[in-house]
Amino acid sequence: MLTIRKQNFESQLCYCCTGIKANICDPGSSLVYKLYHKLPDESRHIQAQVVVPRCKKCAEKMTPIIPIAIIGGIFGCLGGFFYTFSSHGFIISLICGLCWGAVVLVGMLNVLNFAFSIVYNQMESDYEIVSVLRDKYGWQTYKPQEGDSDSSVTVNKFNAMLEDIVVNYDCEYGEM
382 MLTIRKQNFE SQLCYCCTGI KANICDPGSS LVYKLYHKLP DESRHIQAQV VVPRCKKCAE
442 KMTPIIPIAI IGGIFGCLGG FFYTFSSHGF IISLICGLCW GAVVLVGMLN VLNFAFSIVY
502 NQMESDYEIV SVLRDKYGWQ TYKPQEGDSD SSVTVNKFNA MLEDIVVNYD CEYGEM
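All residue numbers for the sequence shown refer to this note's numbering, where the first residue is 382 and numbers rise by one.
Take a look at the structure:
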């Protein structure tokens, strides 16, 4: 898969830091965003990943998402169980509780991830390389549907795009 990141990645400043002091990137804590581009063949597409520099401190800000969602899922499970327990048997209440818990867990994971991404400025569309690829070259953050195609994509245009991001945006790319 094509991987794009800034040159001298280990010494880049954290993209997510705000305030007076910006921290140096920690490659183990960095974000990876997947981008897709349609091809002339309707059944295929190109996939690339953009590595966004992030420090350990900013990565730790996102860690409460899973425990909060699990606690919410447990409350959803208990709520579904007790809601149906008064009018139905134990087995139906247990199944309803598990369904409610699963729905609340998945919902909270999505909502919390979105909320924390906004609060801590970690939305991929704000990162320069992602914006350039999306706005200038037609990449998208969602997988193309079957039958979507782009007849303007050629090997020469693709190579020109790679050269542009290396020369003008100080990026490097490779297959990883």
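Note that CB positions come from ideal geometry on N, CA and C, so glycine has one too.
*asked:* Assuming the contact rule is C-beta atoms closer than 8 Å, V484 and G457 should be a hit. Round their C-beta distance to whole Å, please.
replied: The residue labelled residue 484 in the question sits at position 103 within the sequence shown. The residue labelled residue 457 in the question sits at position 76 within the sequence shown. Rounded, the Cβ-Cβ distance is 7 Å, consistent with contact.
_Beta-carbon proximity check, I446 vs L412, cutoff 8 Å_ = Taking the sequence shown and counting its residues from 1, the one referred to as residue 446 is at position 65. Taking the sequence shown and counting its residues from 1, the one referred to as residue 412 is at position 31. In this structure, L412 does not lie closer than 8 Å to I446 by Cβ.
*Determine the DSSP secondary structure at V487, reduced to helix, strand or coil.*
Position 106 of the sequence shown, counting from 1, holds the residue named residue 487. Helix at V487.
*asked:* Let me check understanding here. Comparing Cα to Cα, which of G488, T465 and V487 lies closest to G478?
replied: Working through the sequence shown from its first residue, we reach residue 478 at position 97. Nearest of G488, T465 and V487 to G478, Cα basis: T465.
*Identify which residue in P408, S424, G454 and L475 has its Cα closest to the Cα of C331.*
In the structure displayed, the chain extends from 382 to 557; residue 331 sits before or after that span and is not available.
*Of all the options V432, K442 and M443, which has the alpha carbon lying nearest to the alpha carbon of I385?*
The count along the sequence shown starts at 1 and reaches residue 385 at position 4. Checked all of V432, K442 and M443; the closest Cα to I385 is V432.
*Going by alpha carbons, who is nearest to L420 out of D531, Y554, L394 and G555?*
Residue numbering aside, residue 420 sits at position 39 when the sequence shown is read from its first letter. Among D531, Y554, L394 and G555, the Cα nearest to that of L420 is on D531.
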